[in-house]
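Numbering (our numbering), first residue to last: 1316 to 1657.
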């Protein structure tokens, strides 16, 4: 086999790398661009699994034995070449966040489960800090998109990330083209962008705001983690946060909202853990200092007012304070309460 020749994933089992062929569309090209930015982050491999190499490819150019010579550098797509070959670290057999905290619970001791939870959250806050420094925002938070390499979760799909300084009209039209008010991982202001773009509206009215506020209450209520009073207050704060956008031009609204988008990483991350705590304990959390303070921190991160949400660094400091100020007995009590739930 010659130099720089690789076999596609479906034709050779590779231990270290995964090679696959994907369509060349907006999202695959976006993932390549975001991956190139992630590769510039120090110690990126601890938190991310980006595309390491890519090349446009005609299926007919792949040899009979499955080998293919990579093209050097990134090229504009040639005519009739609508596929990309990409290479990244192979994580095919690595567990996802969902598998670690949902499918393996019966095999895990309460102590190990809580330590996994704490270490995962701390690691993801470090990831959020790196994303903030790189001015990258993730629009696709979900337990299935986090994969554990070693003992830490890492992001594996960057097709719905964006780089704030280079956001343009094309990216907005693809990344915010669908208004889905049931998406709990999106903050309300991101839903407003989707609402404007999908409905092709040039501004937003008071009745539009009331519709979005109502849907926000339903979305937060669907988490089954908050009281009716909390949801009503959340709706009131949402109304207050959106009223300044009434009758403003669409482009001004979107520009002002995107300036606050760095808070969205911790927002989506917090929803993942709010849902996890709900699924562990049900709607009523135990009377435990650690769980109570952790829940309060997560809730602060999804505040309707973006300026009220802590930064990644503030989150790291606040979470460390929670750990430091929680007595050993509180953790022992937590382990005991979990023993009947896992």
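Idealized CB from N, CA, C, for every residue including glycine. Everything numeric in this text was worked out from a predicted model, so none of it was measured.
Put simply, the stretch 1487–1494 does not touch the stretch 1458–1472. Fewer than three CB pairs are less than 8 angstroms apart. Judged by DSSP secondary structure, residue 1402 falls within the beta strand (DSSP E) whose first and last residues are 1398–1404. DSSP places residue 1431 in the uninterrupted alpha helix (DSSP H) bounded by 1425–1449. Here residue 1638 is exposed: its Cβ has fewer than 16 other Cβ atoms, across all protein chains shown, within 10 Å. Beta bridge pairing from DSSP links residue 1411 with 1462. Residue 1371 is bridged by DSSP to 1399.
With a cutoff of 8 angstroms on beta-carbon distance, residue 1366 and residue 1401 are scored as near each other. Under DSSP, residue 1453 shares a beta bridge with 1476. When secondary structure is reduced to three states using DSSP, residue 1347 falls in the helix class.
According to DSSP, residue 1467 shares a beta bridge with 1464. Residue 1554 places its beta carbon less than 8 angstroms from that of residue 1528. In the assembly as shown, residue 1651 is an exposed residue. Its beta-carbon has fewer than 16 other beta-carbons within 10 Å.
With fewer than three CB-CB distances shorter than 8 angstroms, the stretch 1424–1437 does not count as touching the stretch 1556–1564.
Here residue 1343 really is in contact with residue 1399; their C-beta atoms are around 6 angstroms apart, less than 8 angstroms.
Close CB contacts of residue 1482 within its chain, under the 7 angstroms cut and outside five residues either way in sequence, are with 1573 (chain order).
Relative to the Cα of residue 1603, the nearest Cα in the group 1359, 1647 and 1632 belongs to 1647. A Cβ-Cβ distance of about 15 angstroms is found for the pair residue 1577 and residue 1441, leaving them out of contact under the 8 angstroms criterion. Here DSSP, grouped into helix, strand and coil, assigns residue 1338 to strand. Fewer than three Cβ pairs drawn from the stretch 1443–1459 and the stretch 1604–1624 lie within less than 8 angstroms of each other, which leaves the two stretches out of contact. Assigned with DSSP and collapsed to three states, residue 1500 falls in coil, not helix or strand. The C-alpha of residue 1411 lies about 17 angstroms from the C-alpha of residue 1589. Taking a C-beta distance under 8 angstroms as the contact criterion, residue 1612 and residue 1584 do not qualify as a contact pair.
In the DSSP assignment, the residues bridged to residue 1332 are 1404.
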